[in-house]
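Visitor: The structure that follows is given in the form of structure tokens.
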Amino acid sequence: MSKPLILVTGPVATRSGYGNHTRDICRALIERDKYDIRIQSMRWGNTPLNALEEHNPHHREIHKRILKQPSMEKQPDVHLHISVPNEFQPLAKKNIGITAGIEHTIPPGQWVEGMNRMDVNIITSEWSAVNFKNVSYDKKDNQGKLIGQLKVNSPMTTLFEGADPDIFKETNEFSKQLVSEFEKISTDWNFLYTGHWLQGGLGEDRKDVGMMIKVFLEVFKNHKNPPGLILKSSSAGFSVVDREDIKKKIDYIKRDIKAKTLPKIWLLHGDLTDDEMNQLYNHPKVKAHLSFTHGEGFGRPLLEASFSGKPIIAPCETGQKDFLDENNTVKLPGQYVKVPNRSFPKEFYVDTCEWFGVNYGLASQIIRDVHKNYTKYAVKGKKLMLLNRRMFTHDKMREKLEEIVDQQLSSLPKQVDIKLPNMKKEDKKEDKGLPKLRKI
Numbered sequence: 001m002s003k004p005l006i007l008v009t010g011p012v013a014t015r016s017g018y019g020n021h022t023r024d025i026c027r028a029l030i031e032r033d034k035y036d037i038r039i040q041s042m043r044w045g046n047t048p049l050n051a052l053e054e055h056n057p058h059h060r061e062i063h064k065r066i067l068k069q070p071s072m073e074k075q076p077d078v079h080l081h082i083s084v085p086n087e088f089q090p091l092a093k094k095n096i097g098i099t100a101g102i103e104h105t106i107p108p109g110q111w112v113e114g115m116n117r118m119d120v121n122i123i124t125s126e127w128s129a130v131n132f133k134n135v136s137y138d139k140k141d142n143q144g145k146l147i148g149q150l151k152v153n154s155p156m157t158t159l160f161e162g163a164d165p166d167i168f169k170e171t172n173e174f175s176k177q178l179v180s181e182f183e184k185i186s187t188d189w190n191f192l193y194t195g196h197w198l199q200g201g202l203g204e205d206r207k208d209v210g211m212m213i214k215v216f217l218e219v220f221k222n223h224k225n226p227p228g229l230i231l232k233s234s235s236a237g238f239s240v241v242d243r244e245d246i247k248k249k250i251d252y253i254k255r256d257i258k259a260k261t262l263p264k265i266w267l268l269h270g271d272l273t274d275d276e277m278n279q280l281y282n283h284p285k286v287k288a289h290l291s292f293t294h295g296e297g298f299g300r301p302l303l304e305a306s307f308s309g310k311p312i313i314a315p316c317e318t319g320q321k322d323f324l325d326e327n328n329t330v331k332l333p334g335q336y337v338k339v340p341n342r343s344f345p346k347e348f349y350v351d352t353c354e355w356f357g358v359n360y361g362l363a364s365q366i367i368r369d370v371h372k373n374y375t376k377y378a379v380k381g382k383k384l385m386l387l388n389r390r391m392f393t394h395d396k397m398r399e400k401l402e403e404i405v406d407q408q409l410s411s412l413p414k415q416v417d418i419k420l421p422n423m424k425k426e427d428k429k430e431d432k433g434l435p436k437l438r439k440i
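First residue of the sequence shown? That's 1 in our numbering, and the numbers climb one at a time after it.
Here it is as structure tokens:
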């Protein structure tokens, strides 16, 4: 009996959040060895297309299944489309949309329409799922008359992005390259931020990197022995131009701080493998992970960072709320605020949407205290690591994904063998010929 034919569409080769997610989905399906997997590789903005590593056995299996031409010998049984919902395409007998949603509270109308094209939709966090459930738009005809409501009608379920505990874990082994990089970092006590620095002015970029830097500089300016802040960041790619743009942004913020001395900020701008990222999280000069993010569809880097057992300092809101247990996270307080219109592309922005804003005054007190009284916060990091390594792993994600896919396969029409009834053979009657006609 042939295996069910499954097509996965997504940015599988890109160094992006959706790229990581696509590779995880493909790996999980391949590992089950019960499906015939084909992969349609897509671009993701300007992010590099070099994420599939030759030495990685999971990546090799993925690469073997990437379609060279956008065509197949027959219609797939199931299509999993991993993207933003306005791009969802129903190409199979059953279609599953997979998305992190948008990082503010109101998904655009085109996204709702995209969700409704699919048989079922997988959302990566409870926060994003609630936003999709709550959103509603008026549908009007050409004369402006109200004719109904646009809502998400297709079924939704949540499925987190699992981290691989064989990769992300506590370690004291470091590559020569990473050791060389850290020899340039003179501060022995450092906060670490990992993530993109996206569009928008100060306080307007989605991960709020600019204000995180400003608060850090204000807290530790003129300090006799200040900690450092390591930024593992880029805008989209790893070009020299991108690196220089990041440096200019940092210098612009520094110029606004009135101080005799400022704490050090170290920029790591380059391409690291998952193993190297884990080494970065575990390096003894990294003491705590820091994020002021306004909104996340899931927030995968912080989940992976939590597997290092070091304290996470971040808001326990938006998508990352699912795995940042409030009792074991150094929680940054704040409130939901209106999103500046420069923070998203025009087609993704909705006028009344909100995201989370960190209270910068309280955040200043918290990061100062983490540095001063590190031991009491280190316990939180260990507890969060143990919790997440039990609940948010790749294997746990794969189990639920298999259930969702198999449920769609079970609803396909099944081929049934038709058995015709046996026909009774009639007895042969004696041929008496034609009747004789009477002579008149």
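Ideal placement from N, C-alpha and C gives every residue a C-beta, glycine not left out.
Let me confirm a value: G148 is counted as buried when at least 16 other C-beta atoms fall within 10 Å, else exposed. Which label applies?
Guide: exposed
Visitor: In whole angstroms, give me the CA-to-CA distance for N142 and S136.
Guide: 19 Å
Visitor: Evaluate the contact criterion for the region 388-397 versus the region 358-366: three or more CB pairs, one atom per stretch, below 8 Å.
Guide: no
Visitor: Could you tell me the alpha carbon to alpha carbon distance between S175 and L268, rounded to whole angstroms?
Guide: 15 Å
Visitor: For the alpha helix (DSSP H) that S41 lies in, which residues bound it at each end?
Guide: That residue, S41, is in no alpha helix (DSSP H); its beta strand (DSSP E) goes 36-41.
Visitor: Under 8 Å, do T124 and G319 count as touching if we go by C-beta distance?
Guide: yes
Visitor: Would you list the one or two residues that DSSP bridges to W266?
Guide: Per DSSP, I230.
Visitor: Could you tell me whether the Cβ atoms of E347 and P108 are closer together than 8 Å?
Guide: yes
Visitor: How big is the Cα-Cα spacing for K64 and D36?
Guide: A direct Cα-to-Cα measurement between K64 and D36 gives close to 12 Å.
Visitor: Would you call the CB atoms of C316 and L324 closer than 8 Å?
Guide: In this structure, L324 lies closer than 8 Å to C316 by Cβ.
Visitor: Do E204 and R38 have their C-beta atoms closer together than 8 Å?
Guide: no
Visitor: Taking the alpha-carbon positions, what's the L362 to E173 distance?
Guide: 36 Å
Visitor: Short of 6 Å in beta carbon distance, which residues of its chain neighbour I440, apart from the five on each side in sequence? Order them along the chain.
Guide: Low per-residue confidence applies at I440: pLDDT is 46, beneath 50, and the placement is therefore not dependable enough to give any value.
Visitor: So for N388, helix, strand or coil by DSSP?
Guide: Assignment of N388 by DSSP, reduced to helix, strand and coil, places it in the helix class.
Visitor: Express the C-alpha separation of Q199 and E442 in angstroms, rounding to a whole number.
Guide: Because residue 442 is not part of the residues shown, which for the chain are 1 to 440, the question remains open.
Visitor: Expressed to the nearest angstrom, what Euclidean distance is found between the alpha-carbon atoms of Q335 and Y360?
Guide: 11 Å
Visitor: Measuring alpha carbon to alpha carbon, tell me which of D24, P76, L178, K151 ends up nearest S2.
Guide: P76
Visitor: Suppose you measure from the CA of P340 to the CA of G210; what does that come to, to the nearest Å?
Guide: 15 Å
Visitor: For a test of the three-state rule: what should DSSP assign to E354, helix, strand or coil?
Guide: strand
Visitor: Put A236 into one of helix, strand or coil per three-state DSSP.
Guide: Residue state for A236 is assigned as coil, using DSSP reduced to three classes.
Visitor: Which same chain residues end up closer than 7 Å to A129 when comparing Cβ atoms and leaving out the 5 residues on each side of it in sequence?
Guide: I123, M156, T158
Visitor: Distance check for R23 and I6, CA to CA, integer angstroms please.
Guide: Near 15 Å, if we compare the C-alpha coordinates of R23 and I6.
Visitor: Taking N95 as part of the beta strand (DSSP E), name the residues at either end of that continuous run.
Guide: 94-99
Visitor: Is it right to say Y193 is buried, meaning 16 or more other beta carbons lie within 10 angstroms of its own, or is it exposed?
Guide: buried
Visitor: Return the residue from the list P165, H223, G237 that minimises the CA-CA distance to G17.
Guide: Per the Cα distances, G237.
Visitor: For F191, which three-state DSSP category applies?
Guide: strand
Visitor: How far does the alpha helix (DSSP H) with V78 in it reach, from first residue to last?
Guide: Segment 78-82 is the beta strand (DSSP E) holding V78; no alpha helix (DSSP H) there.
Visitor: Report the start-end ranges of each beta strand (DSSP E) in the region 297-353 that is 3 residues or longer and not cut off at the edges.
Guide: 312-314, 334-338
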